[in-house]
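Since the structure comes first, as structure tokens, the remarks are kept for the end.
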């Protein structure tokens, strides 16, 4: 039976810091810091909502994080520009090694995208990055109305991929995700360092 690999999306397959290029005209040298703060707050808000049991989908966390970051950087943006930036979040660039890695793995392993994002958003992100077809399916935390690293989300991934009796590995470049998966009893591999012989 094939091993199942669940790939985190944001920060592992696609790069949230890629938003900096869309902010360069407005922010100049501060664009990278803005994009990094936006990402940090997006995660913080999802963690807090998961802990409080006060769920709102990941796109809401992304939107709230944008509001916070604009205030932090004292940037006023119009509602039209705000909508545009949130739409551009579905066009994040994939990392250079992603397509070759997925291509080399898909014959031997079952590949799934495994994300905190909404299914429609992840479908769009992967499609726009031209990597959707590498995956057998998408597993989203939205199905259980919580967020990684809640153990419920990792259990859901095993159930959704029908990998109860076969190995399931999370592949992520986010330290908190690796720790969360291992705490929940899953195997986990660090980002693009995953090797066949390790699985």
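Numbering (my numbering), first residue to last: 47 to 245.
Idealized CB from N, CA, C, for every residue including glycine.
(request) Please state whether DSSP places residue 210 in a helix, a strand or coil. (result) coil
(request) Out of 196, 237 and 198, point me to the one whose CA is closest to residue 215's CA. (result) 237
(message) Short of 7 Å in beta carbon distance, which residues of its chain neighbour residue 164, apart from the five on each side in sequence? Order them along the chain.
(response) Hits under 7 Å: 103, 104, 105, 186 and 188.
(message) So, for residue 212: in the same chain, excluding its five sequence neighbours on each side, which residues have a beta-carbon less than 6 Å away from its beta-carbon?
(response) Closer than 6 Å at the Cβ level, and outside the excluded window around residue 212, lie 47.
(request) In the DSSP assignment, find the unbroken alpha helix (DSSP H) run with residue 78 in it and report its ends. (result) 77-98
(message) Quick check: what's the CA-CA separation for residue 194 versus residue 223?
(response) 7 Å
(request) State the start and end residues of the unbroken alpha helix (DSSP H) segment that holds residue 105. (result) 104-118
(message) Please report the straight-line C-alpha distance between residue 217 and residue 126, rounded to a whole angstrom.
(response) 36 Å
(request) Report yes if the CB atom of residue 226 is closer than 9 Å to the CB atom of residue 200, and no otherwise. (result) Yes.
(request) Can you give me the start and stop residues for the beta strand (DSSP E) that residue 173 sits inside? (result) Taken as a continuous stretch (DSSP letters only), residue 173 belongs to no beta strand (DSSP E), being part of the alpha helix (DSSP H) at 165-174.
(message) With distance defined between alpha-carbon atoms, name the residue in 111, 180, 231 and 168 nearest to residue 145.
(response) 180
(message) Considering just the uninterrupted stretch of the beta strand (DSSP E) at residue 51, what are its terminal residues?
(response) Per DSSP, residue 51 belongs to the beta strand (DSSP E) from 50-53.
(request) Can you grab the Cα-Cα spacing for the pair residue 152 / residue 119, in whole Å? (result) Computed Cα separation, rounded: 42 Å.
(request) Identify, in the order they occur along the chain, each residue of the same chain with its Cβ nearer than 7 Å to the Cβ of residue 198, setting aside the five sequence neighbours on each side. (result) 190 and 192
(request) Given a cut-off of 9 Å, decide if residue 111 and residue 91 are closer than it, judged by their beta-carbon atoms. (result) Cβ distance < 9 Å, so residue 91 and residue 111 count as in contact.
(request) Measure from the alpha carbon of residue 139 to the alpha carbon of each residue in 72, 129, 60 and 204, then state which is nearest. (result) 60
(request) Check the DSSP bridge columns for residue 150 and list the partner residues they point to. (result) BP columns for residue 150 are empty, so no partner.
(request) Leaving aside the five residues before and after residue 81 along the sequence, list all residues of the same chain whose C-beta is less than 6 Å from its C-beta, in chain order. (result) 63, 65 and 66
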